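Below: the structure, in structure tokens.
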Amino acid sequence: MADTAEKKGFKYYWGKFQALNGSSVFIAMIVAMIIFEVVLQITHAGTGSGLIFITPSNLMMIFRQQVYIGIVAFGLTLVMLTGNIDLSVGNMLTFCCCIAASVMMKTDNAALAVLATLGVGAACGLFNGLLVSYVKLNSFITTLGSSSIFNALALIVSAGTVLIIPATCDPAFLAIGKASFGPVSILVVWFVVIAVVLGLVLSRTVFGQRLYVIGANPIAARYSGIKYKRDLTVAYVITGLCVGLAALVMMSNALSSNPQAGSGTEMQIILCVVLGGVAVQGGKGSVWGTIIGILFYGVLSAGFTSLHMSQYLQWVVMGAIMLFALSLDVLKGKGVKLWKKK
Amino acid sequence: MSRGDTFIELQGIVKLFPGVRALDGVSFDIREGEVHSLCGENGAGKSTLIKVMTGVHARDGGDYKIDGKTVNFGSTTEAIAAGVSCVYQELSIAPQLDVAKNLFIGNLPMKGGVVDHKTLYAKATEILQELEMPISAKTIAGDLSVGQQQMIEIGRALTRNARLIIMDEPTSSLSESETETLFNVIKKLVDKNIAIIYISHKLDEVMFLSDRITVIRDGQNIISKNKDEFTQEELIANMIGRPLENLYVKEPAEITTPMLEVKNLTRKGVFQDISFTVRKGEVVGFFGLVGAGRSEIMRAVFGVDHYESGEVLVDGNRLHGGNPAAAIKAGIGFCTEDRKKEGLALPLSILLNATVVKLDQLATAGVINRKKQRDDADHYVTAMRTKTPSIRQAVGNLSGGNQQKVVLAKWLTMTPKVLIVDAPTRGIDVGSKSEIYGILSDLAKQGMAIIVVSSEIEEIMGVCDSVITIFEGKKTAQLAINPALTREQVLACALGGEYNPDFHEELEEKREVESNG
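Residue numbers (my numbering), protein chains in the order written: chain C, 801 to 1142; chain L, 2 to 518.
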């Protein structure tokens, strides 16, 4: 026992760092960034000078691309902590985008668009939440089904066409995604605000802490007087609200809604959350971890693109990474040692 | 090799975990055909030792010899091949498969590349007979009782020609008759020259079964002797490292007004017409055989199960049924029988587990006052002498006794008016047991109304003011506990009769026949 105190120092802090949620993903992200840099330097040998991948502007670009799915991933973190999942976030995002665009086209009233979009997001979340917690449907199946409903609703609202918001629309709407505070884009502000708010909700509030208990042991949660149905439904509604916000920010930037805009993003979003260390069985994870997951995903995606990897191949690689991360998670949960210590 | 020869030797086994010497030079040996009990408090290193022996952990020092040859098992499969099998507390039965396939799982008799069903069922039937199990080899394993499933696990060890079978708390979820069968089977195994390592917190079982006993404390073996050279007091003293004056602690408390009143509670097919009252400062025991409905009554009172008729009053106020949150609000705390399944969120911290029922009170506008939360958890965790480096530790890392203290802390933080404890000392060591009895006694003195549900009659008689016996879902008696009350009286009521001398005699006769046979 006496020798542990003396060995404090690097090893001690290393241990503390490793204990942090998502620390290994953080290291993996740094390694990936260095690899991309080295490969790009080799392939571009002689053409340029200085860093290519690890530049402030490139990293900022990566970050900006991650903001939409990041906002949704924070919401989804709450749901996944309870051991459930929401596969419908992608099509829910499409649906919310169509709502925002069509309200703007018809009324040109920013306040109305915001209310409608957030309202629809919350309603979609409520729908999922009620089915999962009160009807006790499996969340995987429920949200797979609702995903198809949201997709169809998006097509109905948009009549299958691309909705275009005129660039001369209510400036308040444009501000949602395009304003900046000095050098800081409002995208960064949204990302940070949602991360901080949901991070605090999880770590500091009764509701957040209950989500952990529900995820870790739903039976014990019931025996502890936790109204898990209500809490779970609220988690889904919060995810829906995050989707609504992401749709607003997205529409304000793009000003056009494609009836396929968000479809398929659920996989990216889930990948971010899983990479960030939220256990699929629930009970483990944090918003901090999810932030790392989101950034790591961004780095990988940008890196692959800069290496001219085709989009299809990227999907293959991303899918493989997600399955790998999930397997690690499950194996660790079972106590399987992945490498033996000498 | 013949009976009584040493065939397994462990010398100076060391196992290190980060920051802990879990095993610090344990030495002992196993002889052919002996029952060797391993005793020690939770966290003494028994489980680690077993895991080293069965190839789950690699040892960090010392020598492990079988038949004089040093072995280094890299997996449980290697250990099984060398004749060392283990029946764990958590059973590993495939519930959808039949008994025969479970017996020969991983080792099915083959003929020409396909399973040889004829040999399989013939061999399986043989083993079932050996185990005194009157069931078909084609029974689906999931339909068996826990005790029968455990027998299948023992049978599985037999199919693999085990020379040593390690049994870790084998009787913790067995009924009395199942325990008896297990003991008979152990006798048979011993006759076949198979050695048994027997681990149990139930010391009377240990004293009854063992040839030799080894006591482990703090990762070291303290003493290894023949059973005849041990007294139970000596055994306990060696386990906890000091003499234990009194296992059961019950100080008189002032019993005043009724706190919990249950009237005519009925749930069809489970329990009928249950009425009782628990007053401030009173400790009421609930005793009955496994399956009599004791726990089910408590679950209904607390609201996790529904009931059809009757009512529950807490401090005079009627409680709405089927709502645990309301029961907690009214002041009922419920330490359930299965702490891992119903009591604790194992991956989460002690801090959160200990304060989970009280989070609302610790928060303003939904935001938890973390200092208050820490102080609260700290207070109860320290008051109960829970052994842990920090309250940030995951509960799953604690030993059974310490986990039980966290469950108690969880309910005490909300200062309940009524505390129901179901099997409060199940699977925990004798030192922690005594501490928990002390805590219950203190709580009663402070004016809490306490219900203790247990299948251990000594426990009930040691810590309660009175005992309610339950038989087949009905209350058969409420007896005041005083020196005049005997075990047999309580047992008779729990078996459905009222106390009558004839029955008493019958019971005595039955015992004598058993001990002679």
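Each residue gets a CB set at the ideal place from its N, CA and C atoms; glycine is no exception.
Here the structure is a predicted model, which is why all the values come from computation and not from measurement.
CB contact below 8 Å: residue i versus chain L
i                       : result
residue 845 of chain C  : no
residue 1033 of chain C : no
residue 1023 of chain C : yes
residue 885 of chain C  : no
Listed by chain order, chain C residues near residue i by CB distance under 8 Å
i                      : result
residue 425 of chain L : The contacting residues do not exist; residue 425 of chain L stays about 15 Å from chain C at best.
residue 382 of chain L : The premise fails here: residue 382 of chain L is roughly 17 Å from chain C at the closest Cβ pair, so nothing lies under 8 Å.
residue 369 of chain L : 1004, 1005, 1006 and 1009
residue 364 of chain L : 1005 and 1006
residue 326 of chain L : 1025, 1026 and 1027
residue 305 of chain L : 1022 and 1023
residue 353 of chain L : 1009, 1012 and 1013
Neighbour flag for residue i against chain C, beta carbons, 8 Å
i                      : result
residue 360 of chain L : yes
residue 474 of chain L : no
residue 504 of chain L : With a pLDDT of 45 at residue 504 of chain L, under the threshold of 50, the predicted position of this residue should be treated as unreliable, though the coordinate-derived value follows. For residue 504 of chain L, the answer is no, since every Cβ of chain C falls outside 8 Å of its Cβ.
residue 337 of chain L : yes
residue 329 of chain L : yes
residue 79 of chain L  : no
residue 501 of chain L : The predicted position of residue 501 of chain L is uncertain, since its pLDDT is 49 and thus under 50; no value can be drawn from it.
Residue i and residue j closer than 8 Å at C-beta
i                       : j                       : result
residue 32 of chain L   : residue 7 of chain L    : yes
residue 917 of chain C  : residue 368 of chain L  : no
residue 200 of chain L  : residue 36 of chain L   : no
residue 306 of chain L  : residue 297 of chain L  : yes
residue 250 of chain L  : residue 438 of chain L  : yes
residue 1122 of chain C : residue 1074 of chain C : yes
residue 220 of chain L  : residue 478 of chain L  : no
residue 343 of chain L  : residue 959 of chain C  : no
residue 950 of chain C  : residue 888 of chain C  : yes
residue 60 of chain L   : residue 15 of chain L   : yes
residue 396 of chain L  : residue 351 of chain L  : yes
Residue i burial status per 10 Å Cβ neighbour count (16 or more: buried)
i                       : result
residue 986 of chain C  : buried
residue 102 of chain L  : buried
residue 404 of chain L  : buried
residue 502 of chain L  : Only weak support exists for where residue 502 of chain L lies, its pLDDT of 46 falling under 50; the value from the coordinates is given anyway. Classification of residue 502 of chain L: exposed, given that the 10 Å Cβ count is below 16.
residue 812 of chain C  : exposed
residue 119 of chain L  : exposed
residue 209 of chain L  : exposed
residue 860 of chain C  : exposed
residue 915 of chain C  : exposed
residue 154 of chain L  : buried
residue 867 of chain C  : buried
residue 1112 of chain C : exposed
residue 412 of chain L  : buried
Beta-carbon neighbours of residue i, restricted to chain C and to distances below 9 Å
i                      : result
residue 271 of chain L : The premise fails here: residue 271 of chain L is roughly 18 Å from chain C at the closest Cβ pair, so nothing lies under 9 Å.
Interface partners of residue i on chain C, CB under 7 Å
i                      : result
residue 348 of chain L : 1016, 1083 and 1084
residue 357 of chain L : 1013 and 1024
Beta-bridge partners of residue i, as assigned by DSSP
i                       : result
residue 168 of chain L  : L:88 and L:199
residue 10 of chain L   : L:30 and L:66
residue 118 of chain L  : Residue 118 of chain L pairs with nothing; no bridge assigned.
residue 335 of chain L  : L:421
residue 917 of chain C  : Its beta-bridge partners do not exist; DSSP assigns none.
residue 1 of chain L    : Nothing can be reported for residue 1 of chain L: it is not among the residues displayed for chain L, which extend from 2 to 518.
residue 40 of chain L   : L:216
residue 191 of chain L  : Answer by DSSP bridge pairing: none, since residue 191 of chain L is not bridged.
residue 455 of chain L  : L:288
residue 1080 of chain C : According to DSSP, which records beta bridges pairwise, residue 1080 of chain C is partnered with nothing at all.
residue 932 of chain C  : Answer is none; residue 932 of chain C lacks a bridge partner.
residue 222 of chain L  : L:217
residue 475 of chain L  : L:472
8 Å Cβ cut-off: residues of chain L touching residue i
i                       : result
residue 1019 of chain C : 342 and 343
Check: residue i C-beta below 7 Å from any heavy atom of the ligand ADP
i                      : result
residue 179 of chain L : You won't find the ligand ADP in this model; it holds no ligand whatsoever.
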